[in-house]
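To start, the structure under review is shown below, and the notes come after it.
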Amino acid sequence: MKSNMALIGKNKKEIITILGDEFNADFCKTWSYKIKTSWFKSVYLYLEFDENDFVAKAYRKTKYFF
0 MKSNMALIGK NKKEIITILG DEFNADFCKT WSYKIKTSWF KSVYLYLEFD
50 ENDFVAKAYR KTKYFF
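Under numbering that gives the first Met the number 0, residue 65 is the last one in the sequence shown; the count climbs by one each step, no gaps.
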């Protein structure tokens with residue numbers, strides 16, 4: 000997925016259809032997905048939901064292994 004903005008406003012069922020379940024609990028307000036892994040880093044997509052379970056914020060974080 001190239002743009003995180005395409006996920007803003009989607010509900011949890013739509014996100015599961017697009018990205019899969021990936022061990023995210025339905026009651027949690029923040030979900031994470033590992034979207035890329037290489038030798039020294041992993042890139043994660045984080046989705047934050049509002050009180051109506053729609054995506055309010057989507058951002059990526061890179062974690063380095065050194």
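Think of the CB as a built atom: it goes at the ideal place given N, C-alpha and C, for glycine as much as any other residue.
Collapsed DSSP secondary structure at residue i in the structure displayed
i     : result
Asn10 : strand
Ala82 : There is no way to answer for residue 82, as the model of the chain reaches only from 0 to 65.
Rounded Cβ spacing between residue i and residue j (contact assumed at less than 8 Å)
i     : j     : result
Ser31 : Leu18 : Not confirmed; about 10 Å, so no contact.
Lys40 : Lys62 : 6 Å
Extent of the continuous beta strand (DSSP E) to which residue i belongs
i     : result
Trp30 : 29-36
Trp39 : In the sequence as displayed, the identity of residue 39 is Phe instead of Trp. Premise fails: Phe39 is in no beta strand (DSSP E) and is neither H nor E.
Chain-order list of residues whose beta-carbon lies under 8 Å from that of residue i (same chain, five-residue window excluded)
i    : result
Gly8 : Phe53, Val54
Beta-carbon proximity list for residue i, same chain, < 6 Å, skipping 5 on both sides
i     : result
Glu47 : Thr29, Ala55, Lys56
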